[in-house]
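What follows is a set of notes on a single structure, which appears directly below.
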Amino acid sequence: MTLAPLPYRVVDRRDETHDTVTLVLEPAGEALSPFAPGQFAMLYAFGVGEVPVSVSRTPDARRLTHTVRAVGAVTRALCGLRTGAWVGVRGPFGTCWDLAAARGHDLLVIAGGIGLAPLRPLIDAVLADAREYGRLNVLAGARSPRELLYQDEFPAWGRPFGAATVDRPDDDWTGRVGVVTTLLGEARFTPADTTAFVCGPEVMMRVTARDLLHRGVRPDRVQVSLERNMRCATGHCGHCQLGPLLLCRDGPVVGYDRAEPLLTVREL
Amino acid sequence: MTPQTDGPTAEAALTALPAEHRTRLMALAREAAFPGATRIFEEGGEADRFWVIRSGTVALDVHVPGRGQAVVETIGRGALLGWSWLCPPRRWHLGAETRGPVRAWEFDAAAVRGLCSERPELGLALVTVVAETIGDRLRATRTRLLDLYGPPGSPGNGTGP
Ligand SMILES: Cc1cc2nc3c(=O)[nH]c(=O)nc-3n(C[C@H](O)[C@H](O)[C@H](O)COP(=O)(O)OP(=O)(O)OC[C@H]3O[C@@H](n4cnc5c(N)ncnc54)[C@H](O)[C@@H]3O)c2cc1C
Ligand code: FES
């Protein structure tokens with residue numbers, strides 16, 4: 137891990153939705169150490185600022201793939217980058233999805249909105265090694281069809297069960313309507329032998345985790361990815377603190393047994 | 195709610211019923227099959243039946259003037275379709291339309307209510323199951339009102355994961 141950003145060049149870009157772009161980055165010289173699914177990089181848009189962004193695919197040890205939603209100044213600048221543009225990159229940071237703990241289990245991968253981005257490398261890893269795991273269920277929720285990521289990849293993820301649902305359908309949407317937790321009713325898993333990976337806005341993760349626990353999944357087998365504003369990403373500045381955790385170091389991936397008491401208190 | 199072991203069974207909505215009650219209730223069920231795009235019931239119509247979905251998906255909708263039917267929720271295998279039959283005014287408060295072929299167990303509401311008053315224990319168990327479904331749908335609706343994918347303070351189109 138380096139503390140100064142390394143220069144990377146945008147070698148590919150793809151518009152995923154009206155406000156979300158996937159960038160593929162290649163190092164100009166030295167490359168960062170390989171990222172594991174769930175980890176994040178600090179991406180520096182020159183002259184604008186630096187933000188944490190998860191890896192959304194790990195195609196090889198050198199290249200980095202990130203999916204960024206434009207919500208403010210820095211993410212807008214990143215989404216506006218064209219092929220050939222430069223970005224500064226630090227990382228890899230944070231904890232990763234604990235796939236080793238999920239061996240032999242049924243898997244629930246549950247995403248809300250752009251939360252599907254950090255989960256995609258996990259899905260790739262599971263599909264590449266499918267015999268090590270039980271049944272894979274990919275459940276994705278989004279506010280509307282135009283915010284649903286990676287729609288073309290769903291057919292490959294849909295075996296044995298994959299489904300997307302939206303809150304607000306448009307006239308062309310023929311899929312499910314309703315919150316993502318309603319898909320759990322049709323997923324195929326044995327609760328006592330299931331590991332769940334959940335990423336989305338905090339309220340979505342809380343509602344989902346509660347539902348999973350209610351169905352008999354163990355809290356320590358529900359992994360969530362928590363976010364706080366980050367600055368140093370190295371455990372020094374304290375910007376990302378959540379109770380006793382510094383999320384740039386102890387997160388973003390945390391077991392729900394640890395996360396729940398921190399997410400349910402009103403103020404910290 | 196009963197933990198599922200292998201995805202929902204076709205009667206998942208009824209698995210919480212004691213076996214004896216379930217058998218009595220299922221004796222009243224008849225098989226129903228609908229092709230795709232069938233309107234099963236209309237908002238405001240008489241709620242004289244209900245269904246437990248065995249396969250396929252049903253979309254629940256409301257009529258929006260000028261826009262036609264707006265889908266508010268979809269339900270699938272194992273779900274209870276319809277609870278307006280349970281208490282007055284016994285009129286559907288949503289419309290229902292199949293998305294592709296649907297197979298279901300169909301129950302005549304009056305016959306089921308009759309069975310419930312004959313056997314209050316079964317009635318209580320069934321009402322508890324239906325109340326759980328209503329509770330699930332209410333929770334889901336409230337959660338959607340929270341705007342799950344766009345945390346407070348974020349701009350209109352949501353923020354990071
Ligand atoms: C570990 C981690 C991984 C992330 N992975 C991704 C990813 O893969 N793709 C992606 O698009 N985004 C990701 N984010 C969120 C991303 O970092 C924020 O959207 C970004 O920091 C916003 O910066 P900005 O300057 O564009 O917007 P700002 O002008 O700073 O903020 C715009 C809006 O975003 C909110 N916001 C700002 N920072 C954060 C934050 N860190 N988390 C949540 N909301 C924030 C603000 O409250 C505001 O509503 C991740 C965040 C973390 C902490
Ligand atoms: S971002 Fe500085 S301590 Fe985590």
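Listed in order, the protein sequences are those of chains D and F. FYI, in this note's numbering the residues of the first sequence are 137 to 404. FYI, in this note's numbering the residues of the second sequence are 195 to 355. Where is the CB? At the ideal position from N, CA and C, for every residue including glycine. All figures in this text were calculated on a predicted structure; none of them were measured in a lab.
Determine the chain D residues that contact residue i at a beta-carbon separation under 8 Å, and present them in chain order.
i: F:A273; result: G321
i: F:A334; result: G314, V315, T317, T318
i: F:E267; result: V313, G314, T318
i: F:A253; result: V313
Looking at residue i: is its Cβ nearer than 9 Å to the Cβ of residue j?
i: D:P388; j: D:S190; result: yes
i: F:P295; j: F:A223; result: no
i: F:A290; j: F:V252; result: yes
i: D:A164; j: D:G227; result: no
i: D:C335; j: D:L200; result: no
i: F:R243; j: F:W279; result: yes
i: D:L179; j: D:V210; result: yes
i: D:L272; j: D:L243; result: yes
i: F:E237; j: F:W299; result: no
i: D:L255; j: D:V316; result: no
i: F:R338; j: D:D303; result: yes
i: D:A328; j: D:T344; result: no
i: F:L208; j: F:R216; result: yes
i: D:R205; j: D:I250; result: yes
i: D:V187; j: D:L214; result: yes
i: D:E283; j: F:Y343; result: yes
i: D:A261; j: D:P173; result: yes
Residue i touches chain D at which residues, Cβ-Cβ below 9 Å?
i: F:T327; result: Result: empty, since nearest Cβ-Cβ is about 11 Å, beyond 9 Å.
i: F:G250; result: Chain D residues near F:G250: none, gap ~11 Å exceeds 9 Å.
Take residue i as the anchor and find which of the options has the nearest alpha-carbon.
i: D:P380; options: D:A369, D:V204, D:N365, D:P397; result: D:P397
i: D:E166; options: D:D151, D:D148, D:Y144; result: D:Y144
i: D:G194; options: D:H202, D:Y392, D:P188; result: In the sequence under discussion, the amino acid at residue 194 of chain D is Thr, which differs from the Gly named in the question. The option with the nearest alpha carbon to D:T194 is D:H202.
i: F:W286; options: F:V265, F:L318, F:I234; result: F:I234
i: D:E363; options: D:L275, D:L399, D:A328, D:A236; result: D:L399
i: D:S361; options: D:H375, D:R346, D:G374, D:C384; result: D:C384
i: D:L391; options: D:V353, D:R198, D:R205; result: In the sequence on display, residue 391 of chain D carries Gly and not Leu. Per the Cα distances, D:V353.
i: D:T310; options: F:V265, F:T217, F:V258; result: F:V265
i: D:R198; options: D:Q175, D:F229, D:V204, D:E162; result: D:E162
i: D:G248; options: F:L211, F:E214, F:D341, F:Q263; result: F:D341
i: D:Q359; options: D:D308, D:S280, D:A266, D:E338; result: D:E338
i: D:D148; options: D:G216, D:Q377, D:D155; result: D:G216
i: D:F171; options: D:P257, D:A369, D:L378, D:D347; result: D:P257
Between residue i and chain F, is any beta-carbon pair separated by less than 9 Å?
i: D:T396; result: The sequence shown places Glu at residue 396 of chain D, rather than the Thr named in the question. With 9 Å as the cut-off, D:E396 does not count as an interface residue toward chain F.
i: D:M340; result: yes
i: D:L404; result: In this predicted model, D:L404 has a pLDDT of only 47, less than 50, meaning its place in the structure is not dependable; the value taken from the coordinates is given anyway. Output row for D:L404: interface = no.
i: D:A278; result: yes
i: D:W293; result: no
i: D:G336; result: yes
i: D:E283; result: yes
i: D:V210; result: no
i: D:V343; result: yes
Establish whether the CB of residue i and some CB of chain D are separated by less than 9 Å.
i: F:R293; result: yes
i: F:A298; result: no
i: F:A290; result: no
i: F:G270; result: yes
i: F:A303; result: no
i: F:A227; result: no
i: F:A206; result: yes
i: F:A264; result: yes
i: F:T199; result: Interpretation of F:T199 is limited by its pLDDT of 42, a score under 50 that renders its predicted location unreliable; no figure is taken from the coordinates.
By the criterion of Cβ-Cβ separation under 9 Å, what are the contact partners of residue i in chain F?
i: D:D303; result: R338, D341, L342, Y343
i: D:V223; result: Going along chain F, no residue has its Cβ under 9 Å from D:V223, so there is no contact; the nearest lies around 17 Å.
Identify the contact partners of residue i in chain F, using a Cβ-Cβ distance below 7 Å as the criterion.
i: D:R193; result: Ordered by position in chain F, no residue passes the 7 Å Cβ test against D:R193, which lies about 15 Å from the chain.
Cβ closer than 8 Å: which chain F residues qualify as neighbours of residue i?
i: D:T310; result: R293
Within the stretch 260 to 318 of chain D, ranges of the alpha helix (DSSP H) (whole runs, at least 4 residues): 290 to 293
Going residue by residue through the stretch 263 to 319 of chain F, where are the continuous alpha helix (DSSP H) segments of at least 4 residues, counting only ones entirely within it? Runs of the alpha helix (DSSP H) inside the stretch 263 to 319 of chain F: 303 to 312.
Whole alpha helix (DSSP H) runs in the stretch 319 to 354 of chain D with 4 or more residues, listed along the chain? 338 to 350
Would you list, in sequence order, the uninterrupted beta strand (DSSP E) runs of no fewer than 3 residues that lie entirely inside the stretch 159 to 218 of chain D? Look at the stretch 159 to 218 of chain D and you find these whole runs of beta strand (DSSP E), each 3 residues long or longer: 176 to 181, 185 to 190, 200 to 205.
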